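In order, the protein sequence lines correspond to chains A and B. Count along the first sequence from 1, add 152, and you get the number used in this note's numbering. Count along the second sequence from 1, add 152, and you get the number used in this note's numbering. Virtual Cβ for every residue (Gly too), placed ideally from N, Cα, C. Please read all numbers here as calculations on a predicted model, not as lab measurements.
There are 2 protein chains.
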Amino acid sequence: MTKSAKHPTLSEVARRAGVGTTTVSRVINGGRRVDPQTLAHVRRVIEQLGYMPNQAARILKGGRTRTIGLLIPSIADPFFSACAEAAQAIARANDSLVIVTTTQNDTSVEIANVNVLTRHRADGLIIAPADSKSQALRTLLARLSVPVVALDRPLSGTSIPAVLADNFAGARTGTNHLIEHGYRRILCLTGEPTLYTIRERIRGYREAVKSARIEYSVDTSVKDHRSAEETIERFLCGSYPPDAIFTLKNSTTIYAFEALQKFGIEVPGSVAILGYDDFELAATVRPAITVIRQPIEEMGRVAAELLFEQLQEPGKTAWNSSVDGAKKIRLDTRLIRRESCGCSETIS
Amino acid sequence: MTKSAKHPTLSEVARRAGVGTTTVSRVINGGRRVDPQTLAHVRRVIEQLGYMPNQAARILKGGRTRTIGLLIPSIADPFFSACAEAAQAIARANDSLVIVTTTQNDTSVEIANVNVLTRHRADGLIIAPADSKSQALRTLLARLSVPVVALDRPLSGTSIPAVLADNFAGARTGTNHLIEHGYRRILCLTGEPTLYTIRERIRGYREAVKSARIEYSVDTSVKDHRSAEETIERFLCGSYPPDAIFTLKNSTTIYAFEALQKFGIEVPGSVAILGYDDFELAATVRPAITVIRQPIEEMGRVAAELLFEQLQEPGKTAWNSSVDGAKKIRLDTRLIRRESCGCSETIS
DNA sequence: CTGAAAGCGCTAACAT
DNA sequence: ATGTTAGCGCTTTCAG
Numbered sequence: 153m154t155k156s157a158k159h160p161t162l163s164e165v166a167r168r169a170g171v172g173t174t175t176v177s178r179v180i181n182g183g184r185r186v187d188p189q190t191l192a193h194v195r196r197v198i199e200q201l202g203y204m205p206n207q208a209a210r211i212l213k214g215g216r217t218r219t220i221g222l223l224i225p226s227i228a229d230p231f232f233s234a235c236a237e238a239a240q241a242i243a244r245a246n247d248s249l250v251i252v253t254t255t256q257n258d259t260s261v262e263i264a265n266v267n268v269l270t271r272h273r274a275d276g277l278i279i280a281p282a283d284s285k286s287q288a289l290r291t292l293l294a295r296l297s298v299p300v301v302a303l304d305r306p307l308s309g310t311s312i313p314a315v316l317a318d319n320f321a322g323a324r325t326g327t328n329h330l331i332e333h334g335y336r337r338i339l340c341l342t343g344e345p346t347l348y349t350i351r352e353r354i355r356g357y358r359e360a361v362k363s364a365r366i367e368y369s370v371d372t373s374v375k376d377h378r379s380a381e382e383t384i385e386r387f388l389c390g391s392y393p394p395d396a397i398f399t400l401k402n403s404t405t406i407y408a409f410e411a412l413q414k415f416g417i418e419v420p421g422s423v424a425i426l427g428y429d430d431f432e433l434a435a436t437v438r439p440a441i442t443v444i445r446q447p448i449e450e451m452g453r454v455a456a457e458l459l460f461e462q463l464q465e466p467g468k469t470a471w472n473s474s475v476d477g478a479k480k481i482r483l484d485t486r487l488i489r490r491e492s493c494g495c496s497e498t499i500s
Numbered sequence: 153m154t155k156s157a158k159h160p161t162l163s164e165v166a167r168r169a170g171v172g173t174t175t176v177s178r179v180i181n182g183g184r185r186v187d188p189q190t191l192a193h194v195r196r197v198i199e200q201l202g203y204m205p206n207q208a209a210r211i212l213k214g215g216r217t218r219t220i221g222l223l224i225p226s227i228a229d230p231f232f233s234a235c236a237e238a239a240q241a242i243a244r245a246n247d248s249l250v251i252v253t254t255t256q257n258d259t260s261v262e263i264a265n266v267n268v269l270t271r272h273r274a275d276g277l278i279i280a281p282a283d284s285k286s287q288a289l290r291t292l293l294a295r296l297s298v299p300v301v302a303l304d305r306p307l308s309g310t311s312i313p314a315v316l317a318d319n320f321a322g323a324r325t326g327t328n329h330l331i332e333h334g335y336r337r338i339l340c341l342t343g344e345p346t347l348y349t350i351r352e353r354i355r356g357y358r359e360a361v362k363s364a365r366i367e368y369s370v371d372t373s374v375k376d377h378r379s380a381e382e383t384i385e386r387f388l389c390g391s392y393p394p395d396a397i398f399t400l401k402n403s404t405t406i407y408a409f410e411a412l413q414k415f416g417i418e419v420p421g422s423v424a425i426l427g428y429d430d431f432e433l434a435a436t437v438r439p440a441i442t443v444i445r446q447p448i449e450e451m452g453r454v455a456a457e458l459l460f461e462q463l464q465e466p467g468k469t470a471w472n473s474s475v476d477g478a479k480k481i482r483l484d485t486r487l488i489r490r491e492s493c494g495c496s497e498t499i500s
């Protein structure tokens, strides 16, 4: 095993092959304008040496790095990992590598990651910002010389295009569905109320409830099983117990569902439940949970497409200097009727 | 907005600051051996110019790239995304970036990805090989000059260390649990029988069943809901219907559970079910599903730790030239008793 | 069709 | 404490 030395270089290949470096360079870049004889010979030497061009040296020459950065809260979150997978597929089609970094929804980690990716000279960035309004992040991004696309959450007050789900309309649709079923005391449950998406969903819920002129309450303190149980118990024992629960995010839906199950409350008989965001086993639990489904893969795909589009036509950075004049692509959500809202029994 | 030009370089900073390049280099590398005055000044210029060192140039100088590559089948698979998250945490602690690439369990994609990562001069690789025996992959990896760690699946016949779950013991434990409950006709269901992990689990199941001197059958054709339904129906209508089902992977567990639910078969009354690999809602569905849980995060963490260990002490590549003499870390699985095997009713 | 040579941005001797 | 300088491995004019 003599192979474990360092990496062979292009000039080593050239020397061994008895040709100039230019020729080798041409060979590894497609082999055009090279005599078939030489081509074959050089290729053989490359193979034999196990030569791999050093990406760093190429990058240094100033070209594209064929690398894009993806900044998401967590890679273990099904929503974002699905987005990431979709974005990766587009990147691969564009012959690019994706570097995924996770931010834990922490703006300072986010900024650190943007810096790392900038040092690596990523050609562009796709980011799901923890805080749509972070001044630090916005100014950092503004100074960047590469295109950026916001995913799932916009970057307000910037010219950065965003690919979003229509959280407002989705939540309104969900709430209205519950209202159409006849529920009048719809409790809205969630956690992480600082996130853009959650705020939009709350807005949608409020709008629907207001239009129907019914009472409402929102509780944004659900973080885990315990807080879900406590909150639900409190409301259920209150003077105006809910007849339905609208949960604004995946984990909350699950916590609430389990709490209801634990308390032995009939769903949807005593209390109905409808969740924002679909998840794998929503159709498998009993009762199956009705949800608002987001076009997750499409979001990742569209964001990546948008980025590569900008990479293609440089300078065409749609510069609407007006605040929030940036392009916003809002994708539609869909109501998936299952059993937890009463559909299989009443409406069908 | 004059900022959107190219990236400012170190020598530009030096010129603007009226100092030499060495000084700037020292500043961006910690600022030791630099006069506090100059330090502050240079820092100001850097800030003002929005200067970011070009990683490529540093790499070119030959040092570590502080980048490791992770090759997994899919980023959307909860098992691997959890591993990835854990590995990332370790990488961050070692001040390194992780580049995650997905292989779709396709050896040729895998090889392409190894090449990409080699061109990027990743300091090391963590790989969950699609095929533990792929000759092409093994020779490619053998020529590499960087440390490699196998994750979840070993690379047989190499000196590459592997971090695995004890699939054999886990499956045996699961099967034995079913046997202890009194089940005697335990059907083993799975898909992807070519994977190392699945083969090991089948081995574990066979061993348990053989020791108990009972009949058994394994069906490895479950790919989706439909095939699960067909297979289960076929066995159920057969002359020797199973009284329990042991599923060897997550998706199979879910497909089988849903099929049973759809057919209206009482679980565990008529047929018990036990799954290999835990999943988020296994405790939420009714009945809650008993599973063999793998130490997922630990696997990702240990694999990354092992890699950085090798990175620390170069050359110490535990070179047991004997075939399969490589270090193998086998982590224990755990039986999580829930209801689908009859535990809450019989054993508790 | 092929080669020589000039950098790309940075680091690390070696001076001063 | 700080500047000068020589490459790192590659691409790319510009000449043969």
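Taken in chain order, the complete alpha helix (DSSP H) segments of 4 residues or longer contained in the region 262-349 of chain B are 287-295, 319-332. Just measuring C-alpha positions, the residue of A:Ser-233, A:Gly-183, A:Asn-267, A:His-272 sitting nearest B:Thr-254 is A:Ser-233. Here the alpha carbons of A:Ile-224 and B:Phe-320 stand approximately 36 Å from one another. When Cβ-Cβ separations below 8 Å define contact, B:Arg-453 makes no contact with chain A.
At least 8 Å separates the CB of A:Lys-414 from every CB of chain B.
Here B:Cys-389 is exposed: its Cβ has fewer than 16 other Cβ atoms, across all protein chains shown, within 10 Å. Where A:Ala-424 is concerned, there is no enclosing alpha helix (DSSP H), although the beta strand (DSSP E) around it starts and stops at 424-428. Of the candidates A:Leu-277, A:Arg-445, A:Thr-383, A:Tyr-203, the residue whose Cα lies closest to the Cα of A:Glu-164 is A:Tyr-203. In the three-state DSSP reduction, B:Ala-396 falls in the strand class (E or B). Within the DSSP bridge table, the entry for A:Ser-369 names A:Leu-339 as partners.
Taking the CA atoms as reference points, A:Leu-293 sits about 16 Å from A:Gln-462. Residues of chain A whose Cβ lies closer than 8 Å to the Cβ of B:Phe-409 are, in chain order, Thr-436.
The distance from the Cβ of B:Leu-433 to that of B:Phe-398 is about 19 Å, inconsistent with a contact at the 8 Å cut-off. Chain-order list of chain A residues neighbouring B:His-159: Thr-270, Arg-273, Ser-297, by C-beta distance under 9 Å. Interface with chain A (8 Å Cβ-Cβ cutoff): B:Gly-202 is included. Around B:Ser-233, the beta-carbon contacts reaching into chain A at under 7 Å are Ile-227, Ala-228, Ser-233. Taking the Cα positions, A:Asn-328 is about 23 Å away from A:Arg-438. Residues of the same chain with a CB within less than 6 Å of the CB of A:Gly-356, apart from the 5 flanking positions on each side, are Phe-320, Ala-323, Arg-324 in chain order. For B:Ile-211, the three-state secondary structure derived from DSSP is helix.
For secondary structure counted as the alpha helix (DSSP H) over 4 or more consecutive residues, the region 440-464 of chain B holds these complete runs in sequence order: 448-464.
Pairing A:Leu-162 with A:Thr-175 gives a Cβ-Cβ distance that is not under 8 Å. The Cβ of B:Ala-236 sits closer than 8 Å to at least one Cβ of chain A. Burial check for A:Asp-229: the Cβ neighbour count within 10 Å reaches 16 or more, so the residue is buried. At the C-beta level, A:Ala-239 and A:Ile-198 stay beyond 8 Å of one another. Judged by DSSP secondary structure, B:Leu-433 falls outside any beta strand (DSSP E); it is assigned neither H nor E.
DSSP places B:Ile-251 within a strand segment (E or B) once states are collapsed to three. Within the same chain, Thr-442, Arg-489 come within 7 Å of A:Cys-495 by CB-CB distance, once the 5 residues on both sides are set aside.
One alpha carbon belongs to B:Asn-206, the other to B:Ser-226, and they sit about 31 Å apart. The region 446-456 of chain A makes no contact with the region 418-425 of chain A: fewer than 3 CB pairs, one atom from each, lie closer than 8 Å.
With contact defined as three or more Cβ pairs closer than 8 Å, the region 274-288 of chain A and the region 300-313 of chain A are in contact. Under the DSSP assignment, B:Lys-480 falls outside any alpha helix (DSSP H), being part of the beta strand (DSSP E) whose first and last residues are 480-483.
Within the same chain, Leu-316, Asp-318 come within 6 Å of B:Arg-482 by CB-CB distance, once the 5 residues on both sides are set aside. Within chain A, the residues whose beta carbon sits less than 7 Å from that of B:Asn-267 are Met-204, listed in sequence order.
For A:Leu-223, the closest Cβ of chain B is not nearer than 8 Å.
When C-alpha distances from A:Tyr-368 are compared across A:Val-374, A:Ala-380, A:Arg-378, A:Cys-340, the shortest belongs to A:Cys-340. Cβ-Cβ separation between A:Thr-346 and A:Val-374: approximately 14 Å, too far for a contact (criterion under 8 Å).
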